[in-house]
């Protein structure tokens, strides 16, 4: 897994390039796509819960945004808040954890 020192001066473009090169090294290709799918599914489930129902209701009256629709689905399913980092999820400064080799 790529770990950067806190004083890294890399730009987001450089970090993206580095991540892309590391992902290309994940074989087989099916495993690479699994790593990406798992990361994005967990990341979206981490971001979507919100306690700001008024803003989401306002967005829904105008057709809604993707995250607002996810918020509505998660709220309906009983997922009302983000998992805490002590639950074993998000051990990376609050970002979701994943088991990828990158």
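Numbering (the UniProt record's numbering), first residue to last: 1 to 102.
For each residue, glycine too, the CB sits at the ideal point set by N, CA and C.
Using only the alpha-carbon positions, how far apart do residue i and residue j sit?
i	j	result
residue 78	residue 71	10 Å
residue 51	residue 12	30 Å
residue 27	residue 34	11 Å
Count the other CB atoms, across all protein chains shown, that sit within 10 Å of the CB of residue i; report buried if there are 16 or more and exposed otherwise.
i	result
residue 61	exposed
residue 48	buried
residue 56	buried
residue 68	buried
Kindly indicate which three-state DSSP category residue i falls into: helix, strand or coil?
i	result
residue 17	helix
residue 57	helix
residue 99	With a pLDDT of 45 at residue 99, under the threshold of 50, the predicted position of this residue should be treated as unreliable, though the coordinate-derived value follows. In the structure shown, residue 99 sits in coil (DSSP, three-state: anything other than H, G, I, E or B).
residue 45	helix
To the nearest whole angstrom, what separates the beta carbons of residue i and residue j, a pair I think is in contact under 8 Å?
i	j	result
residue 46	residue 82	6 Å
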